[in-house]
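Residue numbers (the working numbering): 802 to 1014.
For glycine and all other residues, C-beta sits at the position ideal for the given N, C-alpha and C.
What you are looking at is a predicted structure, and each value in this text was computed from that prediction instead of being measured.
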């Protein structure tokens, strides 16, 4: 059964708020009005992406019978905040810690890949919803807001998946690559392609391609 402690809930909310602010800053820098406008839009994509990423690790770990708890990393939050002013968010704000004396590379790899896969799935859900509401977004403020939330959500979650799959330090990519190089290549190729599309083509043009425009 999936359970959250009071501490985990509080720390998850802190990470959610801080990272939302960081991603908003990275897109607006010192433009206060733009920051205020984009923050509510960013919060949904970042919030869902960050929380589901870590809870994905926790859920899979618990499926294998291991106790797991989400723990924020204050220094990681500070790094995310500082780097946001340079237009990029280095997000290592917390982790789902697994309490086990001995865990195989395979199980560790499966637990590690779960987080990025949640981000990939969420990004695809966002872009599909964006395509569905696109025909109505010009005529309705509500649909336009949903459209903006979904396009930003696609970009943010593509980035989160790609960043966490990098095979560096304690990131998920290191553990996934150690377990299975083919799975790592496949997951990284998908997330990196999605991120590059969001940067080069842009989610808006991607939606138009889906619509046949």
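Nonlocal neighbours in the same chain, by C-beta distance under 8 angstroms from residue i, ignoring five residues either side
i           : result
residue 945 : 938, 939
residue 812 : 871, 872, 873, 895
Cβ distance (whole Å) where residue i is taken to contact residue j below 8 angstroms
i           : j           : result
residue 915 : residue 857 : 4 angstroms
residue 827 : residue 904 : 35 angstroms between Cβ atoms; not a contact.
residue 947 : residue 934 : 5 angstroms
residue 809 : residue 870 : 6 angstroms
residue 894 : residue 877 : 5 angstroms
residue 912 : residue 962 : Not a contact, Cβ separation roughly 16 angstroms.
residue 882 : residue 819 : 7 angstroms
Through-space distance from residue j to residue i, alpha-carbon basis
i            : j            : result
residue 880  : residue 1001 : 26 angstroms
residue 1003 : residue 901  : 42 angstroms
residue 822  : residue 989  : 26 angstroms
residue 995  : residue 891  : 18 angstroms
residue 864  : residue 910  : 14 angstroms
residue 896  : residue 874  : 8 angstroms
residue 884  : residue 860  : 30 angstroms
residue 966  : residue 985  : 8 angstroms
residue 807  : residue 898  : 16 angstroms
residue 817  : residue 852  : 7 angstroms
residue 840  : residue 814  : 15 angstroms
residue 838  : residue 942  : 14 angstroms
residue 867  : residue 983  : 25 angstroms
residue 1008 : residue 804  : 37 angstroms
residue 1006 : residue 824  : 22 angstroms
residue 855  : residue 836  : 26 angstroms
residue 842  : residue 991  : 25 angstroms
Own chain partners of residue i with C-beta closer than 6 angstroms, once the 5 adjacent residues on each side are dropped
i           : result
residue 951 : 927, 930, 931
residue 968 : 974, 975, 978
residue 980 : 906, 907, 910
residue 972 : 965
Same chain only: Cβ atoms within 7 angstroms of residue i, ignoring 5 sequence neighbours per side
i           : result
residue 830 : 886
residue 960 : 996
residue 999 : 955, 956, 959
residue 964 : 892
Where residue i sits in the DSSP three-state scheme
i           : result
residue 894 : coil
residue 830 : coil
residue 804 : coil
residue 869 : strand
residue 882 : helix
residue 912 : helix
residue 860 : helix
residue 887 : coil
8 angstroms Cβ cutoff, residue i in contact with chain B
i           : result
residue 882 : The displayed structure is made up of one protein chain only, and chain B is not part of it.
| said: Would the region 951-962 count as touching the region 837-850 if we require 3 or more Cβ pairs under 8 angstroms? | reply: Counting Cβ pairs under 8 angstroms, three or more are found: they touch.
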